[in-house]
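> After the structure tokens below, expect a handful of questions from me.
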Amino acid sequence: MFVINCPHCNEPREEEEFHYEGEAFIARPAEPETQTDAEWGDYLFMKKNPKGWHWEMWGHSAGCRKLFVVKRNTANHAIDGAWTLTEARAAYDAEMAKI
Ligand SMILES: [Zn+2]
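So the sequence shown is residues 27 to 125, counted in the numbering used here.
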């Protein structure tokens with residue numbers, strides 16, 4: 027069990043109040059009509075499953091019901107931050123620029 031600080035409610039709450047929505051920042055194909063079935067399959071089903079830091083979408087299902095982004099370590103459930111969808115992109119891009 028771990029605690030997530032919902033950026034909309036700005037209050038730390040137990041994990042049970044939230045639901046996982048999947049990997050964050052998956053780019054939709056720019057030209058969908060030119061994608062092969064295999065490329066669509068990769069886009070829809072082939073998600074990252076790292077042991078370590080992962081950018082994830084979460085929903086506050088027992089609270090404000092809004093979506094937000096969490097950077098969570100999948101090995102130990104440490105949370106580096108939680109951002110609204112508009113704030114998260116800048117944080118993600120800043121981290122990717124360091125790599
Ligand atoms: Zn909330």
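We put the CB at the ideal spot given by N, CA and C, even for glycine. Please read these numbers as outputs of a predicted model, since none were measured by experiment.
Beta carbon of Gly85: closer than 6 Å to some heavy atom of ligand 1?
Position 59 of the sequence shown holds residue 85. No, the beta carbon of Gly85 sits no closer than 6 Å to any heavy atom of ligand 1.
> DSSP state of Ala104, grouped into three classes?
Taking the sequence shown and counting its residues from 1, one reaches residue 104 at position 78. In this structure, Ala104 counts as coil in the three-state DSSP scheme.
> With a cut-off of 8 Å, do at least 3 Cβ pairs link the region 91-105 to the region 32-46?
Touching, yes, given that three or more Cβ pairs across the two stretches are closer than 8 Å.
> When you compare each of Glu42, Lys74 and Gly85 to Ala53 by their alpha carbons, which one comes out closest?
Along the sequence shown, one-based indexing puts residue 53 at 27. Nearest C-alpha to Ala53: Lys74.
> Tell me the rounded alpha-carbon separation between Thr60 and Phe51.
In the sequence shown, residue 60 corresponds to position 34, counting from 1. In the sequence shown, residue 51 corresponds to position 25, counting from 1. Cα to Cα, the separation comes out at about 21 Å.
> Which full runs of the beta strand (DSSP E) of 3+ residues lie inside the region 57-98, going along the chain?
For the region 57-98, whole beta strand (DSSP E) runs of length 3 or above, ordered along the chain, are 79-85.
> Any heavy atom of ligand 1 closer than 6 Å to the beta-carbon of Gly107?
Translated into the one-based positions of the sequence shown, residue 107 becomes position 81. Gly107: no, Cβ never under 6 Å from ligand 1.
> Taking the alpha carbon of Arg91 as the point to measure from, which residue in Pro38, Glu43, Val29 and Glu37 has its own alpha carbon closest?
If you number the sequence shown from 1, residue 91 lands on position 65. If we check each option's Cα against that of Arg91, Glu43 comes out closest.
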